[in-house]
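The structure appears below as structure tokens.
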Amino acid sequence: MSARADTLARVDTLDTRAALQVTPRGAAVDVAVSAYSIQPSGGTALTLTTPARAVGRFTSSGGVEFEGAGRTSCTAISQSAIEATRDLWIKWPADVRTGIRWRDSSAVSICRDGVPLQLTLVREYRITGITGDSVAIARSSSMRISGRGPIRGDTTTVSGDGTGTATLRASMSSGWVLDGQGSSTMHLTARGAQRTQTVEQRSVISFRQSADSPRR
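Below, the structure written as structure tokens:
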């Protein structure tokens, strides 16, 4: 029996971990990622060898754009490390109370397997409760991705879309996310001259602020 490799069903699992420190810089945040690794199941981990640093600034639409050393070449793991922090940033509304809803959006350049991509991300928030200084938030997101570049020597057009949900807990006094967890699903199509592949990517994320994290 013979079968083309792109007709087979296969599940790959990646365990991604990051450690970072954030310092407020007026209207911006200075992000320094000290550790970042991507561990595939049954494979060798891809690890950040030197710390990555970038400055994030909120755009008029509430999204975050990064600039600095972390925005290097598309093949650098430092860029992936900085982009992995995107779920942590929230531009708060002027009115913070239970039941309030708001949204933000971003249109940014990212990388996947060395291919430059354009990501459009829209996130909607709802405050579900306030206890003392702690604010509970429910977040839903939708995303669209597109780009073109070489994958294993084949010039490939990548497109896809997805959705996600998350529950967050933040400090009202500092505005920082204290902890949270979420999940997302994205469907990607990579269409090349030699073959076309369709991939479903399911992601789970969790994060927490350590006791020595800087505060405003």
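In my numbering, the protein residues as written are -12 to 203.
Backbone N, C-alpha and C fix where the C-beta goes; we use that ideal spot for every residue, glycine too.
Keep in mind it's a predicted model, so treat the numbers as computed, not measured.
- Message: I need the DSSP call for residue 32, collapsed to helix, strand or coil.
- Response: Mapped onto the sequence shown, residue 32 falls at position 45. Three-state result, residue 32: coil.
- Could you check how far apart the C-beta atoms of residue 93 and residue 51 are, in whole angstroms? I think they sit under 8 angstroms. By one-based count along the sequence shown, residue 93 stands at place 106. By one-based count along the sequence shown, residue 51 stands at place 64. Yes, residue 93 and residue 51 are in contact; Cβ-Cβ is about 7 angstroms, under 8 angstroms.
- By the 10 Å Cβ neighbour count, where 16 or more other Cβ atoms means buried, how is residue 82 classified, buried or exposed? By one-based count along the sequence shown, residue 82 stands at place 95. Burial call: exposed.
- Note down, one range per segment and in chain order, each beta strand (DSSP E) of at least 3 residues found wholly within the stretch 172 to 197. 183 to 195
- Residue nearest to residue 22 in terms of C-alpha spacing, selected from 124, 1 and 64: Your numbering for residue 22 matches position 35 in the sequence shown. Here the closest residue by C-alpha is 64.
- Query: Is residue 70 buried or exposed, if buried means 16 or more other CB atoms sit within 10 Å of its CB?
  - Reply: Taking the sequence shown and counting its residues from 1, the one referred to as residue 70 is at position 83. With 16 or more other Cβ atoms within 10 Å, it is buried.
- Three-state secondary structure (DSSP) at residue 120? Looking up residue 120 in the sequence shown gives position 133. Looking at residue 120 - three-state DSSP - the assignment turns out to be coil, as it is neither helix nor strand.
- Give me the Cβ distance between residue 150 and residue 128, rounded to the nearest whole Å; I'm assuming they're in contact under 8 angstroms. Numbered from its first residue, the sequence shown carries residue 150 at position 163. Numbered from its first residue, the sequence shown carries residue 128 at position 141. Residue 150 to residue 128, Cβ: 7 angstroms. Contact.
- Any idea what DSSP makes of residue 148, helix, strand or coil? Against the sequence shown, residue 148 aligns to sequence position 161. In the structure shown, residue 148 sits in a strand (DSSP, three-state: E or B).
- Which value, in whole angstroms, describes the spacing of the CA atoms of residue 155 and residue 180? Locating residue 155 in the sequence shown gives position 168, where the first residue counts as 1. Locating residue 180 in the sequence shown gives position 193, where the first residue counts as 1. Roughly 43 angstroms between the two C-alpha positions.
- Query: Per DSSP, what kind of secondary structure is residue 90 in: helix, strand or coil?
  - Reply: Indexing the sequence shown from 1 puts residue 90 at position 103. It is a strand residue.
- Bridge-paired residues (DSSP) for residue 167: As a first step, residue 167 must be located in the sequence shown, where it is residue number 180. DSSP, once it has assigned bridges, lists 155 and 194 as partnering residue 167.
- Query: With which residues is residue 3 paired in a DSSP beta bridge?
  - Reply: On the sequence shown, position 16 is the one that residue 3 refers to. Looking at the DSSP assignment, residue 3 forms a beta bridge with 25.
- residue 44 - DSSP class collapsed to helix/strand/coil: Translated into the one-based positions of the sequence shown, residue 44 becomes position 57. Three-state result, residue 44: strand.
- Message: Tell me the rounded alpha-carbon separation between residue 75 and residue 164.
- Response: Here residue 75 refers to the residue found at position 88 when the sequence shown is read from its first residue. Here residue 164 refers to the residue found at position 177 when the sequence shown is read from its first residue. Going from the Cα of residue 75 to the Cα of residue 164 covers about 6 angstroms.
- Is residue 74 helix, strand or coil when you go by DSSP? Taking the sequence shown and counting its residues from 1, the one referred to as residue 74 is at position 87. Three-state DSSP puts residue 74 in a helix.
- Whole-Å CB distance - residue 54 paired with residue 88, under 8 angstroms assumed: By 1-based counting over the sequence shown, the position of residue 54 is 67. By 1-based counting over the sequence shown, the position of residue 88 is 101. The pair is not a contact, with the Cβ atoms about 30 angstroms apart (cut-off 8 angstroms).
- Span of the beta strand (DSSP E) holding residue 83? Within the sequence shown, numbered from 1, the residue matching residue 83 stands at position 96. Neither: residue 83 is in no beta strand (DSSP E) and is coded neither H nor E.
- Near residue 138, what residues of its chain come up, given a Cβ to Cβ distance below 7 angstroms and the 5 sequence neighbours on each side ignored? Along the sequence shown, read from residue 1 onward, the residue named residue 138 stands at position 151. Hits under 7 angstroms: 100, 102, 177 and 179.
- Message: Rounding to the nearest angstrom, what Cα-Cα distance links residue 61 and residue 120 in this structure?
- Response: Along the sequence shown, one-based indexing puts residue 61 at 74. Along the sequence shown, one-based indexing puts residue 120 at 133. So the alpha carbons of these two residues sit roughly 40 angstroms apart.
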